[in-house]
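The working numbering numbers the first residue of the sequence shown as 3 and each following residue consecutively. We put the CB at the ideal spot given by N, CA and C, even for glycine.
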Amino acid sequence: MPSLYQQIQAGKLWDFHGGVHPPTRKAQTAQKPIAVLPLPDRLYIPLRQHIGVAGNVLVSIGQRVLKGQALTSADNSMAVPVHAPTSGTIVTVGDHTSAHPSALPENTITLAPDGLDEWREQYPLNLATSDNSSLLERIQLSGIAGMGGAGFPAHLKAGLTQPVDYLIINAVECEPYISADDALIQEGAITIVKGIDILCKLLSPKAVLIGIEDDKPAASAALKAACSQREHYYVRDLPTKYPSGGEKQLIQLLTNKEVPAGRRPIDIGIVMLNVGTAFAIAQAVLDDHPLLSRVVTVTGETLSQPQNVLALIGTPVSDLLNFCGYQHKQPYKVIMGGPMMGFTLPDLTVPITKTTNCILAPSKHELPPAAEEQDCIRCSACADVCPASLLPQQLLWYSKAKDPVKLDEYNLFDCIECGACAYVCPSEIPLVQYYRVAKAEIREQQRESVKAEQAKARFEARNARLEREKQQRMARNQRLAQAREQAQQTGSNSNAVAEALARIKAKQTEQNSVPADREQVLAERAAKKQQARAYQAEKAASEPHAESEPAPVAQDEARQEQPAADEPASAKSAAVAAAIARAKARKAAQLQAEQQDKVVEAEQTKQPEATEPASEQATTDPRKAAIAAAIARAKAKKQADSEKP
Ligand code: SF4
Ligand code: SF4
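Set out below in structure tokens:
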């Protein structure tokens with residue numbers, strides 16, 4: 003039995019499940035030459051036109067740029083730059099309606115062309131002398147993303163390091179109306195094959211398989227002629243069936259291989275690129291011509307001149323429509339993409355991007371509005387045509403129920419949104435719309451889940467760090483304690499003990515060495531006490547009745563004597579006590595003298611006859627004078643009492 007490769011070489015083709023045969027309606031554009039659109043007044047260049055991240059903006063408002071100049075950087079592998087499609091001035095950098103079903107605004111550079119179409123300097127590469135890294139760098143810096151609709155960065159596919167059996171070039175273009183690739187192949191087959199040569203240098207495949215539908219005989223012939231000198235380049239004419247251009251479907255058609263769910267073609271040794279991408283790679287490498295424009299099919303019954311147009315990236319859809327004779331009398335919907343997978347535009351200022359292959363402006367007769375949706379009748383027509391062998395009615399049911407588990411179980415993400423199921427549905431159910439919404443919700447849930455997981459991981463990492471630090475502290479303290487204990491045991495700590503003892507001794511010495519002042523104060527206090535006692539004795543001798551009442555000074559001395567004898571009061575407190583005692587003694591003596599003066603004065607007032615002797619006594623002894631005065635007062639009182647009636 004021949005091997006797979008032998009079967010492929012022999013021209014064998016296979017088939018995939020399902021598919022539909024809608025009217026192709028390509029004839030009105032496919033046979034016309036590609037027209038070149040005049041420079042528009044404004045170009046709206048979205049920063050991100052691919053799967054990945056946008057590069058940083060390299061230009062500023064008011065800056066003049068040259069044709070081919072990079073407007074954004076390619077500072078990581080998932081960034082693909084955008085370029086100035088012509089020379090002109092940067093007008094704004096900000097939001098503009100996106101070329102997306104959501105029509106959400108996205109960051110966009112607006113360029114005002116100056117009409118000069120002035121190029122920057124160009125540096126073509128020599129394929130024979132260029133290494134793979136410089137080729138890949140050129141592909142990335144030229145801003146090339148998959149032009150078949152997915153927009154995957156081309157340098158990532160071309161730079162795969164896994165072994166590649168087959169490089170498949172997708173020239174199928176199976177969706178009705180669209181003939182952009184057909185026209186490009188007819189006019190640029192040689193350049194396309196040069197692009198395939200570059201990809202072969204990078205990927206070293208066993209064979210190149212170029213798939214094209216059999217309704218494009220002119221393009222097929224052009225490709226075969228261009229490949230005639232290449233060994234292992236095989237152009238295969240495929241039966242016209244939608245969606246033969248799907249990645250998995252085309253792989254199955256050409257190799258009979260199936261890409262497992264959730265896996266990539268490279269996992270089975272296959273890399274696939276679009277024919278337009280190969281053309282762009284050749285221009286980038288061999289001419290240093292970045293991706294500045296692309297062929298767009300502008301078609302529909304509302305146009306007087308439907309045709310394929312080479313349009314600059316960023317051209318507003320309205321410019322293309324006007325160029326092709328758009329009839330405004332009965333404005334109807336305008337679709338970006340084909341009738342099966344495209345979406346209705348919110349307004350006509352939306353720009354052409356790197357992945358835009360068709361602008362369809364149909365009449366109501368040509369593409370009637372969708373009829374009202376009916377209930378599913380479970381006819382299974384959708385399952386019969388599904389090229390991914392899914393169960394679209396089950397997916398519809400679980401999409402409405404918002405059941406992500408069941409949707410995953412029924413492989414929602416294997417759906418390529420080809421629209422074949424909706425095309426055959428008798429209930430006019432817009433099945434693909436339901437799937438798109440369900441996918442978006444699940445992706446959002448997954449993003450939230452990832453965020454929650456990351457937050458949880460951060461929290462756990464913090465707790466682990468704190469616990470680790472705590473354990474380290476405890477271990478350190480334990481080590482220090484052990485070291486101290488060991489030092490005490492070995493006597494190495496004796497110095498510290500000796501020092502402590504020395505400090506205690508010094509303190510005691512200081513206390514013992516009482517200053518001479520203190521002894522002096524004590525001596526003074528003793529002398530004063532002696533004086534007080536002498537005075538008290540003298541007083542007692544003169545006043546025998548007063549023995550029971552010690553003088554204030556003596557009382558103070560007695561109060562102070564006990565603590566002075568019991569404890570060594572400080573020198574300062576002793577001096578203060580002595581001063582207080584002296585002050586009290588002075589005050590008592592003064593008070594006593596004043597009392598005696600008052601008594602003498604009273605006696606002199608009441609008994610003039612006794613004044614002289616009393617004065618003499620007072621001058622000699624005040625105490626005796628006071629006694630005499632008291633006696634005199636008693637006598638006077640007695641006499642007064644006896645004279646009373
Ligand atoms: S084709 Fe439409 S009506 Fe029939 S089973 Fe599918 S979803 Fe239901
Ligand atoms: S849109 Fe999805 S479910 Fe419907 S036929 Fe295509 S792949 Fe199948």
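Between Met-342 and Cys-420, is the Cβ-Cβ spacing less than 8 Å? The residue labelled residue 342 in the question sits at position 340 within the sequence shown. The residue labelled residue 420 in the question sits at position 418 within the sequence shown. Cβ distance < 8 Å, so Met-342 and Cys-420 count as in contact.
Between Pro-107 and Thr-99, how many whole angstroms is the CB-CB distance? I'm expecting something under 8 Å. As a first step, residue 107 must be located in the sequence shown, where it is residue number 105. As a first step, residue 99 must be located in the sequence shown, where it is residue number 97. Indeed, because the Cβ distance is near 6 Å, the residues count as touching under 8 Å.
Exposed or buried, which one is Tyr-437 when buried takes at least 16 other CB atoms within 10 Å? If you number the sequence shown from 1, residue 437 lands on position 435. Tyr-437 is buried by the Cβ-count criterion.
Is there at least one non-hydrogen atom of ligand 2 closer than 7 Å to the beta-carbon of Leu-392? For this step, residue 392 is matched to residue 390 along the sequence shown. Yes, the beta carbon of Leu-392 sits closer than 7 Å to at least one heavy atom of ligand 2.
Just to confirm, are Pro-364 and Thr-317 a CB contact at a threshold of 8 Å? As a first step, residue 364 is located in the sequence shown; it is residue number 362 there, counting from the start. As a first step, residue 317 is located in the sequence shown; it is residue number 315 there, counting from the start. No. Outside cutoff.
Out of curiosity, what's the CA-to-CA distance linking Lys-639 and Ala-525? In the sequence shown, residue 639 corresponds to position 637, counting from 1. In the sequence shown, residue 525 corresponds to position 523, counting from 1. So the alpha carbons of these two residues sit roughly 52 Å apart.
Does the beta carbon of Ala-383 fall short of 7 Å from some heavy atom of ligand 1? To locate residue 383, count along the sequence shown from 1; it is residue 381. Relative to ligand 1, Ala-383 has its C-beta within less than 7 Å of a heavy atom.
Could you work out which residue in Ile-192, Trp-399, Gln-71 is closest to Ser-230 when comparing CA atoms only? Numbered from 1 along the sequence shown, position 228 holds the residue referred to as residue 230. If we check each option's Cα against that of Ser-230, Ile-192 comes out closest.
Whose C-beta lies closer than 7 Å to the C-beta of Lys-458 among residues of the same chain, with five residues either side of it excluded? For this step, residue 458 is matched to residue 456 along the sequence shown. Cβ neighbours of Lys-458 beyond the five flanking positions: none.
Could you tell me the boundaries of the alpha helix (DSSP H) in which Tyr-436 lies? Reading the sequence shown from its first residue, position 434 is the one you call residue 436. Following the DSSP letters along the chain, one finds Tyr-436 inside the alpha helix (DSSP H) bounded by residues 433-491.
Contact belief for Leu-60 with Ala-76 at Cβ below 8 Å, rounded distance in angstroms: As a working note, residue 60 is residue 58 in the sequence shown. As a working note, residue 76 is residue 74 in the sequence shown. In fact, because the Cβ distance is near 10 Å, the residues do not count as touching under 8 Å.
Cβ-heavy atom distance between Gln-435 and ligand 1 below 7 Å? Mapped onto the sequence shown, residue 435 falls at position 433. Not under cutoff, so the answer is no.
Look up Ala-147 in the DSSP assignment and give the residues it is bridged to. Residue 147 sits at position 145 when you count from the first residue of the sequence shown. DSSP lists Pro-155 as partners of Ala-147.
Leaving out the 5 sequence neighbours to the left and right, which residues in its chain are closer than 6 Å to Gln-164 when beta-carbon positions are compared? The sequence position of residue 164 within the sequence shown is 162, counting from 1. The residues Ile-268, in chain order, have a CB closer than 6 Å to that of Gln-164 in the same chain once the five nearest residues on each side in sequence are set aside.
One question on the structure: do Leu-169 and Val-195 come within less than 8 Å of each other, judged by their Cβ atoms? On the sequence shown, position 167 is the one that residue 169 refers to. On the sequence shown, position 193 is the one that residue 195 refers to. With respect to Val-195, Leu-169 sits apart: the two C-beta atoms are not nearer than 8 Å.
Taking buried to mean at least 16 other C-beta atoms within 10 Å of its own C-beta, is Ile-355 buried or exposed? Numbered from its first residue, the sequence shown carries residue 355 at position 353. The sequence shown places Thr at residue 355, rather than the Ile named in the question. Flag for Thr-355 reads buried.
DSSP three-state call for Gly-213: helix, strand or coil? Sequence index remark: in the sequence shown, residue 213 carries index 211 (1-based). Looking at Gly-213 - three-state DSSP - the assignment turns out to be strand.
Assuming Phe-281 contacts Gly-197 (C-beta within less than 8 Å), just tell me the rounded distance between them. Numbered from its first residue, the sequence shown carries residue 281 at position 279. Numbered from its first residue, the sequence shown carries residue 197 at position 195. Between Phe-281 and Gly-197 a beta carbon distance of about 6 Å is seen, short of the 8 Å cut, so the two are scored as contacting.
When DSSP labels each residue in this structure, what does Tyr-7 get in the three-state scheme? Counting from one through the sequence shown, the residue named residue 7 turns up at place 5. Tyr-7: helix per DSSP, three-state reduction.
From Leu-41 to Tyr-400, what distance separates their C-alpha atoms? Here residue 41 corresponds to residue number 39 of the sequence shown, with the count starting at 1. Here residue 400 corresponds to residue number 398 of the sequence shown, with the count starting at 1. Using only the alpha carbons, I get a separation of about 48 Å.
Closest to Leu-347 by C-alpha separation, out of Asp-17, Pro-103, Leu-433, Gln-33, would be which residue? Taking the sequence shown and counting its residues from 1, one reaches residue 347 at position 345. The shortest C-alpha separation from Leu-347 is found at Pro-103.
Using the rule of at least 16 other Cβ atoms within 10 Å of the residue's Cβ for burial, across every protein chain shown, is Asn-172 buried or exposed? Here residue 172 refers to the residue found at position 170 of the sequence shown. Per the 10 Å Cβ criterion, buried.
Closest Cα partner of Leu-433 within the set Asp-377, Ala-463, Val-452, Ala-466: To locate residue 433, count along the sequence shown from 1; it is residue 431. Of the candidates Asp-377, Ala-463, Val-452, Ala-466, the one whose C-alpha sits nearest the C-alpha of Leu-433 is Asp-377.
What would DSSP say about Glu-430, mapped onto helix, strand or coil? The sequence position of residue 430 within the sequence shown is 428, counting from 1. Looking at Glu-430 - three-state DSSP - the assignment turns out to be coil, as it is neither helix nor strand.
Close beta carbons around Asp-239, own chain, < 7 Å, minus the five adjacent residues each side: The residue labelled residue 239 in the question sits at position 237 within the sequence shown. In the same chain as Asp-239, and ignoring 5 residues on each side of it, the C-beta atoms closer than 7 Å to its own belong to Ile-214, Asp-216, Ser-222, in chain order.
Counterpart residues of Ile-111 in DSSP-defined beta bridges: The residue labelled residue 111 in the question sits at position 109 within the sequence shown. Beta-bridge pairing links Ile-111 to Ile-47, Val-95.
Could you please give the first and the last residue of the uninterrupted beta strand (DSSP E) stretch that includes Ile-171? For the purposes of this step, residue 171 is identified with residue 169 of the sequence shown, where counting begins at 1. Per DSSP, the continuous beta strand (DSSP E) segment holding Ile-171 begins and ends at 168-172.
Cβ atoms of Val-426 and Val-1: under 8 Å apart, would you say? Residue 1 cannot be examined here, being either before or after the span of the chain that is shown, 3 to 647.
When DSSP labels each residue in this structure, what does Tyr-537 get in the three-state scheme? As a first step, residue 537 must be located in the sequence shown, where it is residue number 535. When DSSP states are grouped into helix, strand and coil, Tyr-537 belongs to the helix group.
Do you know how far the Cα of Asn-78 is from the Cα of Phe-461? Against the sequence shown, residue 461 aligns to sequence position 459. Against the sequence shown, residue 78 aligns to sequence position 76. Each residue's CA atom was taken as its position, placing Phe-461 and Asn-78 some 29 Å apart.
Kindly say whether Asn-78, judged by its beta-carbon, lies nearer than 8 Å to any beta-carbon of chain B. No chain B appears in the structure shown, which is made up of a single protein chain.
Given this structure, state the Cα-to-Cα distance separating Lys-530 from Ala-580, to the nearest angstrom. Translated into positions along the sequence shown, residue 530 becomes position 528. Translated into positions along the sequence shown, residue 580 becomes position 578. Looking at the backbone, the Cα of Lys-530 and that of Ala-580 are separated by about 8 Å.
Can you tell me whether Asn-276 is buried or exposed, with buried defined as 16 or more other CB within 10 angstroms of its CB? One-based indexing of the sequence shown puts residue 276 at position 274. So Asn-276 counts as buried.
Could you pull the start and end residues of the beta strand (DSSP E) that Ala-313 belongs to? Your numbering for residue 313 matches position 311 in the sequence shown. Under the DSSP assignment, Ala-313 falls in the beta strand (DSSP E) whose first and last residues are 309-314.
Check Trp-399 in the structure and name its three-state DSSP category. The residue given as residue 399 occupies position 397 in the sequence shown. In the structure shown, Trp-399 adopts helical secondary structure according to DSSP, grouped into three states.
Near Ile-408, what residues of its chain come up, given a Cβ to Cβ distance below 7 Å and the 5 sequence neighbours on each side ignored? Position 406 of the sequence shown, counted from the first residue, corresponds to residue 408. Note on residue identity: the sequence assigns Lys, not Ile, to residue 408. So the qualifying residues of the chain are Tyr-400.
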